[in-house]
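Enquirer: Attaching a single structure in structure tokens format; questions to follow.
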Amino acid sequence: MLKTNYRRVLKLIPPNVKLITVSKFKPIEDIKTLYSLGQRDFGENRVQEFLEKFEILPIDIRWHFIGTLQTNKVKYLVNKTYLIHSLDSLPLAKEIEKCFSKLNSIAQVLIQINIGKDHNKSGIISENIYEFIQELALYPHIKVLGFMTILPIVDIASTVILYKEMKSLYERYRALQSEGKLPSNINISELSMGMSDDFVEALENGATMVRVGSRIFGQRN
Ligand SMILES: *Cc1c(COP(=O)(O)O)cnc(C)c1O
């Protein structure tokens with residue numbers, strides 16, 4: 000089933016979009032199966048589980064850290080993750096700067112946006128993005144590649160509205176960047192949104208990365 004699910008999803012992804020297969024809670028064997036089909040981008044959301052998989056699996060996997068990241072765990076990710084999707088506060092940025100600079104490494108990150116203004120979700124609200132980005136100029140070991148969002152669970156019509164809002168934010172910040180109004184460590188070129196139930200809608204609204212778990216690996220227990 001895994002191979003068939005994967006091929007079905009892959010068929011829906013345009014060539015310029017990155018499919019991140021979210022392997023959280025799923026065994027090493029499943030990751031190896033997808034790896035053998037050419038998949039290289041995998042998403043994990045817990046540091047401990049990520050580290051266990053990282054140690055065992057091929058070195059050319061691009062690991063995407065997509066979960067809430069506690070400051071005391073940042074040090075474990077240095078030189079191991081390809082992209083951290085969940086930069087959601089200045090204290091976290093400060094800690095990323097500290098840990099990555101220590102090893103002379105640059106952290107590639109996305110800013111997590113709380114587009115639904117959901118009290119249960121972390122992320123920067125749209126009104127605060129500009130100021131947040133300006134503050135990141137202090138952190139040369141952070142390179143911002145774009146935005147990520149996790150939506151509150153709502154009906155598909157509301158989902159589409161929120162994806163459209165993300166798209167317009169993304170375009171607005173790309174315009175600001177091309178006008179030279181953002182710090183030099185900001186390079187807005189990725190928009191990470193869309194999961195199993197709504198990645199098609201995300202693609203229609205400009206997602207450059209989708210994060211798909213259960214639709215490929217099956218339900219998580
Ligand atoms: C688990 C998870 C996903 C994948 O969710 P599915 O509904 O299983 O596709 C995507 N993004 C984040 C941040 C996740 O935690």
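Each residue of the sequence shown is one higher than the last, beginning at 0 in numbering that gives the first Met the number 0.
We put the CB at the ideal spot given by N, CA and C, even for glycine.
Can you tell me which of A136, K52, K116 puts its alpha carbon nearest to the alpha carbon of T80?
Expert: Taking only the C-alpha atoms, the option nearest T80 is K52.
Enquirer: Quick one: measure Cβ to Cβ for V209 and I12, integer angstroms, because I've assumed they're closer than 8 Å.
Expert: The pair is a contact, with the Cβ atoms about 7 Å apart (cut-off 8 Å).
Enquirer: Closest to A156 by C-alpha separation, out of E200, P90, I19, T20, would be which residue?
Expert: Answer by Cα proximity: E200.
Enquirer: Does the stretch 179 to 199 come close enough to the stretch 129 to 143 that 3 or more CB-CB pairs lie under 8 Å?
Expert: Yes, they touch.
Enquirer: Count the CB pairs spanning the stretch 91 to 108 and the stretch 46 to 61 that are closer than 8 Å, and state whether there are at least three.
Expert: No contact exists between the stretch 91 to 108 and the stretch 46 to 61.
Enquirer: Residues in its own chain within less than 7 Å of R39 by CB, not counting five upstream and five downstream?
Expert: Same-chain partners within the cutoff: D59, I60, R61.
Enquirer: Within 10 Å of its beta-carbon, does S191 have 16 or more other beta-carbons around it, so buried, or fewer, so exposed?
Expert: So S191 ends up on the buried side.
Enquirer: Taking C-beta to C-beta, are L161 and I105 nearer than 8 Å?
Expert: Not closer than 8 Å, so no.
Enquirer: Give me the Cα-Cα distance between G193 and N127, rounded to the nearest whole angstrom.
Expert: The straight-line gap from Cα to Cα measures roughly 23 Å.
Enquirer: Where does M147 sit, in a helix, a strand or coil, going by DSSP?
Expert: Three-state DSSP puts M147 in a strand.
Enquirer: Which stretch, first to last residue, makes up the beta strand (DSSP E) that contains I185?
Expert: Note, I185: beta strand (DSSP E), 185 to 191.
Enquirer: Between the C-alpha atoms of I123 and N4, what's the straight-line distance to the nearest angstrom?
Expert: If I take the Cα positions, the gap works out to 33 Å.
Enquirer: Could you tell me the distance, in whole angstroms, from the CA atom of K116 to the CA atom of K23?
Expert: Near 25 Å, if we compare the C-alpha coordinates of K23 and K116.
Enquirer: Excluding the five sequence neighbours on either side, which residues of its own chain have a C-beta within less than 7 Å of the C-beta of Q176, listed in chain order?
Expert: I185, I187, listed in sequence order.
Enquirer: Helix, strand or coil: how does DSSP classify M0 here?
Expert: It is coil, neither helix nor strand.
Enquirer: Between which residues of its own chain and L68 is the CB-CB distance below 7 Å, once the five residues before and five after are set aside?
Expert: Within the same chain, L68 has close Cβ partners I83, S85, L91.
Enquirer: Does any residue of chain B have a CB that is nearer than 8 Å to the CB of S85?
Expert: Although the question refers to chain B, the structure presented lacks it and comprises just one protein chain.
Enquirer: Given 7 Å as the limit, tell me if R7 has its C-beta closer than that to any heavy atom belonging to ligand 1.
Expert: No, Cβ of R7 sits at least 7 Å from all heavy atoms of ligand 1.
Enquirer: Closest to D139 by C-alpha separation, out of K93, V16, G66, I110, would be which residue?
Expert: What sits at residue 139 in the sequence shown is Pro, not Asp. Taking only the C-alpha atoms, the option nearest P139 is K93.
Enquirer: Beta-carbon within less than 6 Å of V73's beta-carbon, same chain only, minus the 5 sequence neighbours each way: which residues are those?
Expert: Once the five neighbours on either side are set aside, the close Cβ partners of V73 are E94, I95, C98.
Enquirer: Which value, in whole angstroms, describes the spacing of the CA atoms of D29 and N204?
Expert: Going from the Cα of D29 to the Cα of N204 covers about 30 Å.
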